[in-house]
Each structure stands twice: as C-alpha cells, then as structure tokens.
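Using the working numbering, read the sequence shown as starting at 1 and increasing by one per residue.
In this text, a Cβ means the ideal position worked out from N, Cα and C, and glycines have one as well.
Nothing here was measured: the structure is a model prediction, and the numbers come from that model.
Have a look at the structure below before the remarks.
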Amino acid sequence: MTLALYGKSRRRQWMLAALALFALLGAVSAAFAVLVPTNAASVTPQLTPDPANYTGADAATWKNPTCTDLDDHFGNGQTWSQVSTGSWYDPSTATFPITLNVDATHWVKITGIVAGNPMTFDWESNFGIDAVMVKQANGPHNIYVYDPPGPESFGDTGLQPNLNPNGISHAIFCYDGFTTPPPTANLIIGKVIDPSDGVAPDDGTTFSGTIVNDDTQASTPWSGITFGQFTSPIQVPAGVDLTIDEDSPTNGWTEVAWRMGSLDGEKPTCPADKASYVPGSNIGAKLNADQTMVLCVMNTKQADAPTRTLEVCKVVETDSAAGGVFTIKVEGQSDFVTTNIAPGGDDCTTYSVADGAEITITETGFPDGWVSAEFYPTVSANGDNIPGDTITVTVGAETCDAGEEQNPAGAQISGLHSDAIADCTVVFYNKTDGQTESRGLILVEKYIEIDGNLGTTLPGEGLVAGWTVTVDGVSKQTTLPATVTFEATVGDTVPVSETTQAGYVVLGHTITGGSLVGGSSTNVQVSEATTLVRFYNQPFGSLKVHKDAVTSHNGGPNVPAPQDDDGWSITVSSATCNFTDTKQTDASGNASFTNLPMCTDYVVSENPVNAASPGFAPISATSVSNQTPSGQTITFVNRRVTFDPPCQDCIQIIPTPTPTTVPPTATPTNTAVPPTATPTPEEATEGEKTPGPTPIAPSTGTGGSGGSGSMNILLLALGLAALSGGMSLAAAGRRRRN
1 MTLALYGKSR
11 RRQWMLAALA
21 LFALLGAVSA
31 AFAVLVPTNA
41 ASVTPQLTPD
51 PANYTGADAA
61 TWKNPTCTDL
71 DDHFGNGQTW
81 SQVSTGSWYD
91 PSTATFPITL
101 NVDATHWVKI
111 TGIVAGNPMT
121 FDWESNFGID
131 AVMVKQANGP
141 HNIYVYDPPG
151 PESFGDTGLQ
161 PNLNPNGISH
171 AIFCYDGFTT
181 PPPTANLIIG
191 KVIDPSDGVA
201 PDDGTTFSGT
211 IVNDDTQAST
221 PWSGITFGQF
231 TSPIQVPAGV
241 DLTIDEDSPT
251 NGWTEVAWRM
261 GSLDGEKPTC
271 PADKASYVPG
281 SNIGAKLNAD
291 QTMVLCVMNT
301 KQADAPTRTL
311 EVCKVVETDS
321 AAGGVFTIKV
331 EGQSDFVTTN
341 IAPGGDDCTT
351 YSVADGAEIT
361 ITETGFPDGW
371 VSAEFYPTVS
381 ANGDNIPGDT
391 ITVTVGAETC
401 DAGEEQNPAG
411 AQISGLHSDA
421 IADCTVVFYN
431 KTDGQTESRG
441 LILVEKYIEI
451 DGNLGTTLPG
461 EGLVAGWTVT
471 VDGVSKQTTL
481 PATVTFEATV
491 GDTVPVSETT
501 QAGYVVLGHT
511 ITGGSLVGGS
521 STNVQVSEAT
531 TLVRFYNQPF
541 GSLKVHKDAV
551 TSHNGGPNVP
561 APQDDDGWSI
571 TVSSATCNFT
581 DTKQTDASGN
591 ASFTNLPMCT
601 DYVVSENPVN
611 AASPGFAPIS
621 ATSVSNQTPS
631 GQTITFVNRR
641 VTFDPPCQDC
651 IQIIPTPTPT
661 TVPPTATPTN
671 TAVPPTATPT
681 PEEATEGEKT
691 PGPTPIAPST
701 GTGGSGGSGS
711 MNILLLALGL
721 AALSGGMSLA
731 AAGRRRRN
C-alpha cells in the first residue's frame, strides 16, 4: 500500500501535530488540576491524592486510604497507626459521646455531629492525634494534619468531608504514639446579687462572659446563668494565667466585684457578704491540674422608683359646634392630640410618671374660633377653675398640687368618659370665641396603589403614614389609622397638596369619593360638610436582564462571545399591573427596565432569535415568572454550536496499481504463396481501356515488433510499471524525512 499526501502536505502535517500536542496538554492539565479542599476546623484541610489519577491497585488505595498510606505524603517521615470509626452515625439517633477505644487506656471520642450542608463533627482524645481523614464516597478526601508542623491535637470542632458535604463514610484518626495531653482544671462561675440594694433578682436577666488564656489569648465563653445559678464545670488549661470577665450586663444591672467561692462536694456556693468581694471588671486565676475552682461575681441594681399616673383630659363647652383638633403638650411625654370632640364631650389619656415629678402641661393648639378658657386639676360643676393655657403640677403619692387645687390620690374624676383612677388629673376646657364665621373640615388621606386600579385591593395597598400633606400652607404628616384633619373657613377655596417621595409615581387624587384626577395638588372649596381628599401614589421598581452569548466548537466548552450579546429583544410584562415593555440588549448585553409598578407577577422573557447573531439557540429558560421588580438581574444564555467542515485535502490510502503482463503475439510462419494469375479486369471506356486495382497480399504479422498497435500496448504496460515504482520510492523517501 502507498500513502499519498494530497494538497499542502507539509503544512497539513504540522497542523495535525499541533492538534495532537494541544490534546496531550489538555489531558495533562486535567490530570494535574488543582483541587481546592473545603476549609473547616482549627487547621485548613488538605486533600488526599485523587484516585481518578491512578489505575489498578494505586487507584484502589487512594479511593480508601489508611494512615499507613498517608504518612509518607503528610507525616514528614512519621509512621502512623490509626483508629477508625468503621462507619458513620445518624446524628438524630446517636448518643454522644461515641468512644473509639485504642486499648484499655487510650480513646478517641466523637463528641457531637451537626447534620446539614456541610455535615460537621467534633472530637476529643486522651492522647495526641497527628491527623484526621474524613472519608466520603469518592476521593479525594479531606485530611486535617496537626503534626507536622505540630503540636498534636487532643480535640477539634467542625470537621467535614470534601466532595459530599451532606454525608460522611467514616473517619480515621492517625497517631504515631501515645502523647499525654496537657494538664487541665475546671472553673465554675457563680452569679450573686448585691444584698444591700433591696432589689429582688426576679427580672430574668442572664449573664455571660469569657475566660481568656493570657499566654495564647484563646477565649472560652461562659453564659446562661441568672442570680443564684452556676455554670457547669468549664475545662481550662492548668498552670497558666487566666483572666475571667463578665460581659456588660443589661436591664440596669452593673458589675460590682469578684471573689472565690467554695465547693462542698459537688455543690458550689458563693458568699453574700459584699465586703468580701474585690471590685473590678475582671479577675485573674491560675489553677492546678485537676483542680475545680468556683469564682463568684456580684452585680447590683438601683431599685426602680415608684411611678404615678397622670391623666390629661380635654372638655369642650356643651353648646359649641363639633369638630376641631386640640393639642396638649405634656413635659417629658408625647403630645396629647384629640380630634372632633362632640359638643359637651371629652377625651382623656394617661401617662406614667415618676413619683413626685413636677410636670408642665400646656395647650398649644386648638381650632380657629376657639379659645383656651381655663384648666383645672379637679372637675367641678361650678368651679373655681384656673384660667389660661398652661399649668405645672407635682404628681405625688398624696396630692396633685397645682398651686390652687388638689386632687386626692386615687380619686376617680367624675363626669368624664375615662374610667382611669389616676393619681393626678388635669382637665383643659375650651369654648368658642363668639365669632359667627363657620368652619369646615378637610380630611386628607394617603394611599398606596400598586396596580393603579382603585377598584382592586392588593396586598400592600391602602393607607400609609409618614407622607407630608399641606392645606392652605399648613403641613402635617399622615398617620395610621387616622386621617389628617385641617380646618378652614366655610366658603373659602384652599389649596390641598401632597409632597411626593422618590420611588413613587403620582396617580392622582379623589375628592369625597369622586373620580380619580391626575396631579399631586388640588383646590377645595370649604363647606360645612366634611371634605375628604385622598392622594394615590404607585410604587415602582426596576430590574435588569443580562444576555450571555457563548459558542461551542466541535463539542468543546462554552466560550463567551461578547460581540453577540447585543440586539436581543427582552420583554417584561405584568397582567396584574397591565404593563408590557420590550427593549434590546446593549453592547454589554444588558437591558434595564425602570419605573415598573410593584406587582408580583412579572414575566421576563427573551426572543431566542436575533437576526444580527444567527445560529444561536437558548441553553437556559427563555422566560421566568412571578418576578417582583426589586432591582434583581436575570440572565439568559444562548449558544451557537459549530463544527469543522469536511476535510478536502486529507491523507488517503490508495492501492498501488499492479502491472498487467501482455502475452507475446504469436509470430506466424511465413509461407511463400505463389501469386495467382488473376486476369486484370478491363473497364470498357469509350475510346480506351482502363486497368483495375491491383490486389495486395494479406499480412501474416511480425510478432512483438510488429505493427504499431502491438507496440503501443507494450509501451503502455512498461510505463505504468515504471510510474508505480517511482511513486513507491517517493513515498518511502517522504516517510524517512518525516
């Protein structure tokens, strides 16, 4: 067989060699890819060798390695033995600790397992552990190496697997001998109340703090105790200096002092003698090995001062017109605001104040046409009331002293709708100023309207507080659940407006149940009937859509194609809000949608066909539903798949032609044949005789060197044989050069 190279054979060979090299490099790269272990516990885990990089017995070894397999890789010359869990445990049914016995005196304990993603576990031992491997179904596995560099560990928390964070196959603990753990001791913290302040520890306050190793600055918390309680014994290192402190207490408690307690058998106690405690925010201690020490911390708190009840009431004259807003300021308290008291009616509120507090109470606002006539600490049918609009009272255990009138503590004021039994009641009385002009009310409400349809009520729609509304130059804040009330003279036309806020679109307003009119302001003619103005605003949001165009060649990985990210049509629509908008992605592949009504049923979709980028098909969902425009970004991915065209100049194998042997032509024997006397025909022609044609004797052949036809066949056969041999030599030469 002969290899025939067609086309530009030398360049084609180099191209094939380059592709083979790239494939080899890809395989090597995949085989030696860096695997990053999952981090947990007190040391960063490393990864055991990946069994996928091995075959045969080596692959089996690294799929389920033991400590003897691991020590050459991680032990720095140590020879490791092991103790293994053998299998794993269900944290919902296991009883902890789970003890793994090495021999009669040495053990490792699984002290707790936390289920989840990832699953983690804690362990402790009474001898030094060099490394712990956490095995999952397949390698590589997490291995936590403590020594080297050292020291060995006697316990750790938060160990977890690498590839399958939801489960663990088993764990092995590697050691190179039995190292005695450092000595430890136990510390108990007790909580004591200062017996001299008269405060009972019944408020449920819990206390906490820390124990700090002064050498390493390692911190151990203590917590969860109230007065008269003690912590469980807390293991601490023996023979080192410790600093024990308490976190800043809450609920008015303050730190006082510390001292050592005592231990009667297993029962800790703390003395109540305040003089024996040493003031300070912390205390130092150093414990001997196996010692149990009790430390007591005392706290104090000032007794709560007794409180009194102050009642403030508003009364209007019996023959007055209804309506109006009255405001009374109470020193150190929130304002008392009352609205639309009926003629002869009243309204009251109560405040809790300190015993003996001196409080000034002032009426600061009342409707036009009214005057602040008087106030009094007692209600009297005819009575000696104090004129004016301010009063200062001392609220005591026995009196409500306003300087001129007193109200016995505990007396219930009669004639008011309030049923409160107050220590002190102050009543403000108002009447009209006698003018004849009539006043009308304008009530203003603020509504949030999500879908722009006043006929439907969606979650989140309705009255809203904290918006500024203004009537005739007077501005107020909307509140819940009440409306905002204004007064104006009947017959006047006054402007009513709202102050808009960012993130909202003004839908308009209605007046006393009328139709919706656009705008954030209007003019209202005041009448004796109450006018209700409602302002409606629609919240809006935004979202962004990003288009990722990628290509894949000959089944290879997806490669970004940013030149094809633009020009894709994106549509955002909401049936609830009756909204639709379509935009095209920009050069960065983004389409931003703003001023979207805040409905929750948006559908975001892409047109998977882009005339400017043909050949792309979606590899992600082409639409997402039930979106609320909260500033999120939604990504669509489209891919174009390409392949190399069929090869035109390729290496082909063709058969070498086999020369055809031409049999020699038989040479006939020449036999002399005497000529036959043939009369020459004569043609009668007028006037003469014309001789006829002379016959030619038949040819008997001349063999291989005979006529031209035989010679051509022989030459053709010889030429084909020569050509075949020459081409074979040429191909062989090329193979040697290659």
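Under 8 Å between C-beta atoms of residue i and residue j
i, j, result
"Cys424", "Glu311", "yes"
"Asn638", "Pro614", "no"
"Thr483", "Val545", "no"
"Thr350", "Lys314", "no"
"Ser391", "Met598", "What sits at residue 391 in the sequence shown is Ile, not Ser. No, the pair does not count as a contact, with Cβ atoms beyond the cut-off."
"Thr111", "Phe127", "no"
"Gln477", "Gly466", "yes"
"Val236", "Leu287", "yes"
"Met260", "Met298", "no"
"Thr394", "Ser352", "no"
"Asp203", "Asn251", "yes"
"Thr500", "Val506", "yes"
"His553", "Thr642", "yes"
"Ile442", "Val533", "yes"
"Ser169", "Lys135", "yes"
"Gly209", "Ile244", "yes"
"Val524", "Thr530", "no"
"Val145", "Phe227", "no"
"Val469", "Ala488", "no"
"Pro751", "Asp69", "Shown here, the chain extends from 1 to 738; a query on residue 751 therefore has no answer."
"Asp335", "Ile341", "no"
"Asp130", "Asp156", "no"
Assigned exposure category for residue i - 16 Cβ within 10 Å defines buried
i, result
"Leu159", "buried"
"Gly513", "exposed"
"Val114", "exposed"
"Leu516", "exposed"
"His509", "buried"
"Lys63", "buried"
"Ser87", "exposed"
"Pro367", "buried"
"Gly324", "buried"
"Phe32", "Residue placement at Phe32 is poorly supported in this model, since its pLDDT is 33, which falls under 50; the coordinates still yield a value, given next. Looking at its Cβ environment, which holds fewer than 16 other Cβ atoms inside 10 Å, Phe32 is exposed."
"Ser497", "buried"
"Ser262", "exposed"
"Leu21", "Reliability fails at Leu21, whose pLDDT of 48 lies under 50, so the model's placement of it is uncertain and the value that follows must be treated cautiously. The residue in question, Leu21, is exposed, as its Cβ has fewer than 16 Cβ neighbours within 10 Å."
"Ser705", "Only weak support is given to the placement of Ser705: the predicted model assigns it a pLDDT of 42, under 50, and the question is left unresolved by the model."
"Ser153", "buried"
"Cys647", "exposed"
"Asp58", "exposed"
"Leu100", "buried"
"Leu519", "First, the residue type needs correcting, since residue 519 is Gly and not Leu in the sequence shown. The residue in question, Gly519, is exposed, as its Cβ has fewer than 16 Cβ neighbours within 10 Å."
"Leu242", "buried"
"Asp565", "buried"
"Lys578", "Position check: residue 578 holds Asn in this sequence, whereas Lys was assumed. Classification of Asn578: exposed, given that the 10 Å Cβ count is below 16."
Cβ-Cβ separation, residue j to residue i (assumed contact under 8 Å), whole Å
i, j, result
"Ile211", "Ile225", "Not quite, the Cβ-Cβ distance comes to about 14 Å (not below 8 Å), so this is no contact."
"Tyr277", "Trp258", "6 Å"
"Pro183", "Ala238", "4 Å"
"Lys329", "Thr362", "5 Å"
"Leu266", "Phe207", "The sequence as given places Glu at residue 266; Leu does not occur at that position. Rounded, the Cβ-Cβ distance is 22 Å, inconsistent with contact."
"Phe230", "Ile283", "Their Cβ separation, rounded to whole angstroms, is 16 Å, which puts Phe230 and Ile283 out of contact at 8 Å."
"Tyr536", "Leu454", "7 Å"
Below-8 Å beta-carbon distance, residue i vs any chain C residue
i, result
"Thr500", "Absent from the structure is chain C; it holds one protein chain and no more."
Check: residue i C-beta below 7 Å from any heavy atom of the ligand MG
i, result
"Ala612", "No copy of the ligand MG occurs in the structure displayed, which carries no ligand at all."
May I ask you to verify whether the segment 260-276 touches the segment 153-168, counting CB pairs closer than 8 Å and requiring at least 3? They do not touch, by the three-pair rule.
At 3 residues or longer, what runs of the beta strand (DSSP E) sit wholly inside the segment 494-579? The qualifying runs are 504-511, 521-525, 531-553, 569-574.
When you compare the segment 77-85 with the segment 167-184, are there three or more beta-carbon pairs, one atom per stretch, that lie closer than 8 Å? Counting C-beta pairs with one atom in each stretch, the segment 77-85 and the segment 167-184 have three or more that are closer than 8 Å, which means they touch.
Three-pair Cβ contact test at 8 Å for the segment 539-553 versus the segment 583-603: Yes, they touch.
When you compare the segment 44-55 with the segment 115-128, are there three or more beta-carbon pairs, one atom per stretch, that lie closer than 8 Å? No, the segment 44-55 is not in contact with the segment 115-128.
Could you name each continuous alpha helix (DSSP H) segment of 4 residues or more that falls completely within the segment 115-196, going from the start of the chain to the end? Entirely contained in the segment 115-196, not one alpha helix (DSSP H) run reaches 4 residues.
Are at least three pairs of beta-carbons, each pair with one atom in the segment 598-611 and one in the segment 563-583, less than 8 Å apart? These segments touch.
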